[in-house]
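Numbered according to my numbering, the sequence shown terminates at residue 718, and the numbering increases by one at each position without gaps. Here a beta-carbon is modelled for each residue, glycine too, at the ideal position from N, C-alpha and C. None of these values were measured; they are calculated from a predicted model. The structure under discussion appears below in the form of C-alpha cells.
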Amino acid sequence: MKPESRKEEIIKAAAILFKEKGYSAVTMRDLAKAMGIKAASLYNHIQSKQEILSTIIIDLAEEFTTGMNQIVNCDKNATKKIEHIIDLHIDVTLRNSDGLASLNNDWMHLEEKNLQYFEKMRHDYEENFRNIVKKGVDQEEIKPFNIEIMVFSTLSTLRTLYLWYPKQKNIDADLLKHDMISVLLKGVI
Numbered sequence: 530m531k532p533e534s535r536k537e538e539i540i541k542a543a544a545i546l547f548k549e550k551g552y553s554a555v556t557m558r559d560l561a562k563a564m565g566i567k568a569a570s571l572y573n574h575i576q577s578k579q580e581i582l583s584t585i586i587i588d589l590a591e592e593f594t595t596g597m598n599q600i601v602n603c604d605k606n607a608t609k610k611i612e613h614i615i616d617l618h619i620d621v622t623l624r625n626s627d628g629l630a631s632l633n634n635d636w637m638h639l640e641e642k643n644l645q646y647f648e649k650m651r652h653d654y655e656e657n658f659r660n661i662v663k664k665g666v667d668q669e670e671i672k673p674f675n676i677e678i679m680v681f682s683t684l685s686t687l688r689t690l691y692l693w694y695p696k697q698k699n700i701d702a703d704l705l706k707h708d709m710i711s712v713l714l715k716g717v718i
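What follows is the structure, encoded as C-alpha cells:
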C-alpha cells in the first residue's frame, strides 16, 4: 500500500473535523491545528475548504455510483443485487465512516457545479435501487410492500451506518454483513 500524500492526509483530517463539528463550523485554522501545521501550509496542497469538501463527497458518491452500476449490470436476481448493495454500503462505511458524515450532512454546501453533479448521482442511485426493488416485487422474490417504504427504510439504515457502527466493539464486518442482509431482506420475524 502506498503512503498517503499530504493532500490525502489533509482530506482525512478534515473529514474527521467535519464529522465532529460540521463543515460550516470548521475553519482552515482548525484543520491546521489538528494537523500540527501552520494554516498557510495547507494551501501548498489544497486550494480551499470547498475543494476538500468536494473531494470527500464527490469521491464517495462516485464510488457508490460505480458500485451501483456494477450491481445493476450484473446477472443476478433482485435479492442478490440488494445483498450486494448492502455489502457496498458496509464496505464503504468501514473504509471511510468520517467521509460519509460529509456525504450525508454537508452535501448542500457544495458549490453549484458539484452540487448538481452530486444530486444527479444521488438521484440515479436511488432510482436504480428503486428499480431493483420493484423488479423483485414484480417477480415475486420480494414481498409486495410499498416500494417507497422499502427503499426509504433500507437506504436510511445504510446511510446512517457510519454513525452507529464505529461505536460497536463486538461486531466484526462479517457478522455485520450477514445480519444486516438478513434483517433488511427477511425482517426480524
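Host alpha helix (DSSP H) of N724 (start-end): The question about residue 724 has no answer here: the residues shown for the chain are numbered 530 through 718.
Residue burial classification, Y572 (beta-carbon count within 10 angstroms, cutoff 16): Counting from 1 along the sequence shown, the entry for residue 572 is found at position 43. Exposed, by the Cβ-count rule.
Three-way DSSP call (helix, strand, coil) for P695 in this model: On the sequence shown, residue 695 is found 166 positions in, with the first residue counted as 1. In this structure, P695 counts as helix in the three-state DSSP scheme.
Other residues of its chain near N634: CB distance less than 7 angstroms, five sequence neighbours each side excluded: Position 105 of the sequence shown, counting from 1, holds the residue named residue 634. Closer than 7 angstroms at the Cβ level, and outside the excluded window around N634, lie G551.
Assigned secondary structure, H574 (DSSP; H/G/I helix, E/B strand, else coil): Position 45 of the sequence shown, counted from the start, is the residue given in the question as residue 574. Three-state result, H574: coil.
Sub-8 angstroms separation of I545 and I581 beta-carbons: Here residue 545 refers to the residue found at position 16 of the sequence shown. Here residue 581 refers to the residue found at position 52 of the sequence shown. Judged by beta-carbon spacing, I581 lies beyond the 8 angstroms limit of I545, meaning their Cβ atoms are not closer than that value.
Assigned exposure category for K578 - 16 Cβ within 10 Å defines buried: Walking along the sequence shown from the start, residue 578 turns up at place 49. By the 10 Å Cβ count, K578 comes out buried.
Distance between beta carbons of L617 and F593, contact taken as under 8 angstroms: Taking the first residue of the sequence shown as 1, we reach residue 593 at position 64. Taking the first residue of the sequence shown as 1, we reach residue 617 at position 88. Correct: roughly 7 angstroms between the Cβ atoms.
Residue-chain proximity (V555, chain B), Cβ-Cβ < 8 angstroms: No chain B appears in the structure shown, which is made up of a single protein chain.
C-alpha gap between E610 and R558, whole angstroms: Counting from one through the sequence shown, the residue named residue 610 turns up at place 81. Counting from one through the sequence shown, the residue named residue 558 turns up at place 29. The sequence shown places Lys at residue 610, not Glu. Spanning the two alpha carbons is a distance of roughly 44 angstroms.
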